[in-house]
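Peer 1: All residue numbers for the sequence shown refer to the numbering used here, where the first residue is 2 and numbers rise by one.
Backbone N, C-alpha and C define an ideal beta-carbon position, used for all residues, glycine too.
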Amino acid sequence: MNIAIFSSGGGSNAAVIMKTLGSFIKKETASLAVVISNNEKAGVVNIAADHNIPCEIILLKNKTDAQQTEAYFKLFEKYKIEFIVLAGYLKKLPKEITNAYPKKIINIHPALLPAYGGAGMYGQFVHKAVISAGETQSGITVHYVDEVYDHGQIIFQEKCAVEKNDTAEDLAKKILGLEHKFYTEILADTILSQIPVK
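Below you can see the structure in the form of structure tokens.
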């Protein structure tokens, strides 16, 4: 199964996946075929190069929805993509893609969905909202991606405590630790669960 990683920024989750996926799943079963980013200056570009994984940039600005969709599908065809992992990708995928890849796209969200999800809820925006609301716990959610932000079926959640004096930065560190600890394993488990037993 050929996997595409989508990332817009620093790529720390993508880096962990590249480094550790092989410890959970054999390369003959699934492998990372390409990294796709909408940001040519993203840190993930160099991370992909360090791991000898092709990186493709799709500049979405000034493209119509149809042109964006066509650009994605051209890359999927080029790399024979069968599964998509969102790792800090900040653009909403067109519904044509989510429809073409049902339960073949997963994302990790830095909160316990369905709370603190939706358009604009990413990174520090999520953590600040959790702190402002006086929550005593937060966590991560791995979920399938559909045409609605942070809406798809939940695959996995893990919680962490929000202490009284935690700042958004403190919470971000806790959440990132959970993401790095669990995302690759959940990705591998999800893929393996979809491969027919011979």
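Below 7 Å between beta carbons: does that hold for Pro95 and Thr65?
Peer 2: To locate residue 95, count along the sequence shown from 1; it is residue 94. To locate residue 65, count along the sequence shown from 1; it is residue 64. It is not a contact, given that the beta carbons lie outside the stated cut-off.
Peer 1: Counting C-beta neighbours from all protein chains within 10 Å, is the total for Ile109 16 or more, i.e. buried, or is it exposed?
Peer 2: As a first step, residue 109 must be located in the sequence shown, where it is residue number 108. That one is buried.
Peer 1: Between which residues of its own chain and Ile156 is the CB-CB distance below 7 Å, once the five residues before and five after are set aside?
Peer 2: Translated into the one-based positions of the sequence shown, residue 156 becomes position 155. The residues are Ile107, Val143, His144, Tyr145, Ile187 and Thr191.
Peer 1: Which first and last residues belong to the alpha helix (DSSP H) in which Ala169 is found?
Peer 2: Taking the sequence shown and counting its residues from 1, the one referred to as residue 169 is at position 168. Its alpha helix (DSSP H) spans residues Ala169 to Gln195.
Peer 1: In its own chain, which residues sit with a C-beta less than 7 Å from the C-beta of Glu148, not counting the 5 before and 5 after it?
Peer 2: Residue mapping note: residue 148 aligns to position 147 of the sequence shown, counting from 1. If we look at Glu148 and ignore the five residues flanking it on each side, its Cβ neighbours are Lys96 and Thr99.
Peer 1: Would you identify the three-state DSSP class for Ala162, choosing helix, strand or coil?
Peer 2: On the sequence shown, residue 162 is found 161 positions in, with the first residue counted as 1. Strand, per DSSP.
Peer 1: Below 8 Å, how does it come out for the region 76-86 and the region 116-127: are there three or more Cβ pairs, yes or no?
Peer 2: no
Peer 1: Going straight from the alpha carbon of Ala5 to that of Tyr90, what length do you get?
Peer 2: Stepping through the sequence shown from its first residue, residue 5 is reached at position 4. Stepping through the sequence shown from its first residue, residue 90 is reached at position 89. Ala5 and Tyr90: Cα-Cα distance of roughly 12 Å.
Peer 1: Going by C-alpha distance, which of Asn166, Thr185, Ser139 and Ile85 is nearest Lys20?
Peer 2: For the purposes of this step, residue 20 is taken as the residue at position 19 of the sequence shown. Of the listed residues, the one whose Cα sits closest to Lys20 is Thr185.
Peer 1: Which one or two residues does DSSP pair with Tyr145 in a beta bridge?
Peer 2: Residue mapping note: residue 145 aligns to position 144 of the sequence shown, counting from 1. In DSSP, Tyr145 forms a bridge with Ile107.
Peer 1: In chain order, what residues of the same chain lie with their CB nearer than 7 Å to the CB of Phe25, ignoring the 5 residues before and after it?
Peer 2: To locate residue 25, count along the sequence shown from 1; it is residue 24. Within the same chain, Phe25 has close Cβ partners Thr185, Glu186 and Ala189.
Peer 1: Taking all protein chains shown into account, do 16 or more other C-beta atoms lie within 10 angstroms of the C-beta of Gly135, making it buried, or fewer, making it exposed?
Peer 2: Start at 1 with the first residue of the sequence shown, and residue 135 comes out as number 134. The residue in question, Gly135, is exposed, as its Cβ has fewer than 16 Cβ neighbours within 10 Å.
Peer 1: Using the beta-carbon count (16 or more within 10 Å), is Glu164 buried or exposed?
Peer 2: Translated into positions along the sequence shown, residue 164 becomes position 163. With fewer than 16 other Cβ atoms within 10 Å, it is exposed.
Peer 1: Tell me the rounded alpha-carbon separation between Phe7 and Ile196.
Peer 2: Locating residue 7 in the sequence shown gives position 6, counting from the first residue. Locating residue 196 in the sequence shown gives position 195, counting from the first residue. For Phe7 and Ile196, the distance between alpha carbons rounds to 22 Å.
Peer 1: For Ala88 and Tyr150, I'd like the C-alpha separation in whole angstroms.
Peer 2: What you label residue 88 is simply residue 87 of the sequence shown in a count that begins at 1. What you label residue 150 is simply residue 149 of the sequence shown in a count that begins at 1. Cα-Cα distance, rounded: 14 Å.
Peer 1: The alpha helix (DSSP H) that contains Glu71, what's its start and end?
Peer 2: Taking the sequence shown and counting its residues from 1, the one referred to as residue 71 is at position 70. Element bounds for Glu71: Asp66 to Tyr80.
Peer 1: How far does the alpha helix (DSSP H) with Asn14 in it reach, from first residue to last?
Peer 2: The residue given as residue 14 occupies position 13 in the sequence shown. Start and end: Ser13 to Phe25.
Peer 1: Taking the DSSP output, what are the residues bridged to Phe157?
Peer 2: Against the sequence shown, residue 157 aligns to sequence position 156. Answer by DSSP bridge pairing, in chain order: Val143.
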